Amino acid sequence: MKKTLIALACAISLSYAIDYDPVKGSMLSLSCASCHGTDGKSVAITPLITGLGKTTMYNILLDYKYDRRPGTMMPKHAKGFTDAELEQISYYFSKIKR
Ligand code: HEC
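With this note's numbering applied, the sequence shown corresponds to residues 598 to 695, in that order.
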């Protein structure tokens with residue numbers, strides 16, 4: 598019975614991961630601010646990461662994570678997140694105006 602409940606809880610949390618969760622999105626995106634600036638509005642040499650669009654950004658992040666796109670910092674950073682988390686982050690930045 599306990600195992601069934603745990604399996605059920607996992608299934609529910611997995612299905613939630615697909616929907617955008619603004620709190621989770623903004624929390625995860627805090628880790629980007631140290632290099633890309635507050636809300637992705639970079640003032641240093643790192644690229645501006647707002648206004649890329651959710652799908653474009655998600656694909657870029659997946660490419661970094663799976664070593665399909667070269668980079669100095671991003672391949673390492675992207676590997677620290679699950680695909681679902683990278684999707685949440687992409688949602689978050691797609692909602693910020695440039
Ligand atoms: C340690 C510094 C650092 C952190 C932290 C960081 N980035 Fe980056 N990011 C870079 C650098 C540097 C580049 C340029 C590519 C490279 O050298 O890796 C870049 C490039 C990018 C690009 C490509 C932009 C373009 O137009 O080509 C995206 C998208 C991006 N970062 C998103 C993020 C997101 C989202 C996070 C947080 C999860 C994040 N970055 C955290 C340093 C960082």
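Just so you know, even glycine gets a beta-carbon here, dropped at the ideal spot from N, CA and C. All values derive from a computational prediction rather than experimental measurement.
Exercise for the section: Pick helix, strand or coil for G637, following the three-state DSSP scheme. Expected result: In the structure shown, G637 sits in a helix (DSSP, three-state: H, G or I).
Practice task
Assign K694 to one of three DSSP states: helix, strand, or coil.
Solution key: K694: coil per DSSP, three-state reduction.
Handout entry: Any non-hydrogen atom of the ligand HEC closer than 7 angstroms to I646 Cβ
Key = Checking the Cβ of I646 against the ligand HEC gives yes.
Handout entry: Length of the line joining the Cα atoms of I646 and G637
Key = Roughly 5 angstroms between the two C-alpha positions.
Practice task
Assuming V640 and G634 form a contact by the criterion Cβ under 8 angstroms, report the distance between their Cβ atoms to the nearest whole angstrom.
Solution key: Contact holds; Cβ gap of about 5 angstroms.
Handout entry: Residues near I609 in its chain [Cβ-Cβ closer than 6 angstroms; skip 5 each side]
Key = Residue placement at I609 is flagged as unreliable, the pLDDT there being 49, under the threshold of 50; the coordinate-derived value follows with that caveat. Closer than 6 angstroms at Cβ, skipping near neighbours: no residue.
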